[in-house]
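In this note's numbering, the protein residues as written are 1023 to 1306.
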């Protein structure tokens, strides 16, 4: 099924879908126009933007406008966010260079495991691990002649077991991923309840899980839990903050996060991702 709807506000799908916050989007070409295929609300879809129109190919049971507005956070006012960056030359440049990049609202369960996989890794390896798990253990999804695997449910991933995860090359992360999968499968931890918590309570809930520290927790909160004030501090963010904002080489990552949340305010998460993407892109 084909659907489309008008959307005139800033949106750049390439920057939004392939900037290190989601790992399963693939680019394909049709009639010289880029389609992205991926999974939203456990449905395989294709999406592209042509001028002021968002176009989708999907199955009958997919709700295109509701699902895409939520996933792409199309209600976020990017113009207002960019205005909050006006007095910061670095962020102003980043918002111009990557205009239309949006924070995504992803599935909490998948995002938890995805960023546990991201520990001491890189984007190609993360993508490979997630794809291997989905193709081998998730439910089969199809869209016309396209076939992919859904991300495994907590029960499906718990049934894989630590040994098999290690055999797949997931390494030291396997033990904690197996523990978390079992906690969720046994309903001892509910990722979907995280959105009801305050930032601090959500942070404490996430870091209580094995294998999740401050950075990973803030990634999960930013990209899945509606905590736009979250500020993950990885090596890229640590470097750009120390080089341009806090010159003390001994400043800790926790201090950087607290300073950034106070300095950038309620849009700290957007500031974080524009800084991250602009810095990483300039060096790759």
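Ideal Cβ positions, reconstructed from N, Cα and C, are used throughout, including at glycine.
_I need the boundaries of the beta strand (DSSP E) containing residue 1061, first residue and last residue._
Run containing residue 1061: 1055 to 1062, per the beta strand (DSSP E) assignment.
_Nonlocal neighbours in the same chain, by C-beta distance under 7 Å from residue 1108, ignoring five residues either side_ = 1114, listed in sequence order.
*Hey, residue 1174 and residue 1194 are a contact pair by Cβ (cut 8 Å); roughly how many whole angstroms apart?*
At roughly 20 Å, the Cβ-Cβ gap does not stay under 8 Å, so residue 1174 and residue 1194 are not in contact.
*Tell me which same chain residues have a C-beta within less than 7 Å of the C-beta of residue 1281, skipping the five on either side of it?*
Result list for residue 1281: 1268, in chain order.
*For residue 1260, name the three-state secondary structure that DSSP assigns.*
In this structure, residue 1260 counts as helix in the three-state DSSP scheme.
*Starting from the Cα of residue 1061, find the closest Cα among 1129, 1041, 1031, 1074 and give me that residue.*
Comparing alpha-carbon positions, the option among 1129, 1041, 1031, 1074 lying closest to residue 1061 turns out to be 1129.
_Close-in-space but distant-in-sequence residues of the same chain around residue 1204 (CB under 7 Å, 5 per side omitted)_ = Cβ neighbours of residue 1204 beyond the five flanking positions: 1180.
*Cα separation between residue 1132 and residue 1023?*
Using only the alpha carbons, I get a separation of about 26 Å.
*Can the beta-carbon of residue 1279 be found less than 8 Å from the beta-carbon of residue 1236?*
Taking 8 Å as the cut-off, the beta carbon of residue 1279 is found closer than this to the beta carbon of residue 1236.
*Helix or strand or just coil, what does DSSP make of residue 1049?*
In this structure, residue 1049 counts as strand in the three-state DSSP scheme.
_Taking the beta carbon of residue 1005 as the centre, do at least 16 other beta carbons fall within 10 Å, making it buried, or is it exposed?_
Residue 1005 is absent from the model: the chain starts at 1023 and stops at 1306.
_Output needed for residue 1030: all residues of its chain with C-beta closer than 7 Å, excluding positions within five of it in sequence on either side, in chain order._
If we look at residue 1030 and ignore the five residues flanking it on each side, its Cβ neighbours are 1074.
*Which word fits residue 1166, buried or exposed, when buried means at least 16 other C-beta atoms lie within 10 angstroms of its C-beta?*
Classification for residue 1166: exposed.
_Rounded straight-line distance, which links the Cα of residue 1027 to that of residue 1048_ = Roughly 22 Å between the two C-alpha positions.
*asked:* Beta-carbon within less than 6 Å of residue 1244's beta-carbon, same chain only, minus the 5 sequence neighbours each way: which residues are those?
replied: So the list reads 1252, 1291, once near-sequence residues are dropped.
*Classification of residue 1140 by the beta-carbon crowding that lies within 10 angstroms, buried from 16 upward*: Its Cβ being crowded by 16 or more others within 10 Å, residue 1140 is buried.
*With a cut-off of 8 Å on the beta carbons, I'd call residue 1095 and residue 1070 a contact; round off their distance for me.*
Rounded, the Cβ-Cβ distance is 18 Å, inconsistent with contact.
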